[in-house]
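Single-structure report; data block below.
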Amino acid sequence: MRNTRARWSPLSIGLMDVGFLVAWPLGLAILAYILSGDHLRTAFDEHLQHELNRLEEERRKLDSMPSSLPKSRVASAFSKAGPSADWAFS
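Numbering (the working numbering), first residue to last: 1222 to 1311.
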């Protein structure tokens, strides 16, 4: 588990106090963030790791595909030598 004391720094306590002085819902929101901040970060880290693993698996699948895929008939038709696109201007 991460260090929970870092969330209760003098700056965060001061911001919470100012939040309560300005508007009590703001102070309550800051307090809720301080209390649940570690849980939210942990959930985000788990989601991020899951997505990175998924992307790595996709990359492995793409790397395992053959590199020389057969050309389609349309692509091979365009690659054949023929009249140039500027035939009207010659």
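All residues carry an ideal CB built from backbone N, CA and C; glycine is no exception.
ALA1253 and VAL1243 have their C-alpha atoms some 16 angstroms from each other. In the structure shown, MET1286 falls within a coil segment according to DSSP collapsed to helix, strand and coil. Excluding residues up to 5 positions away in sequence, nothing lies with its Cβ nearer than 7 angstroms to the Cβ of PRO1246 in the same chain. Taking all protein chains in view, the Cβ of MET1286 is surrounded by fewer than 16 other Cβ atoms within 10 Å, so the residue is classified as exposed.
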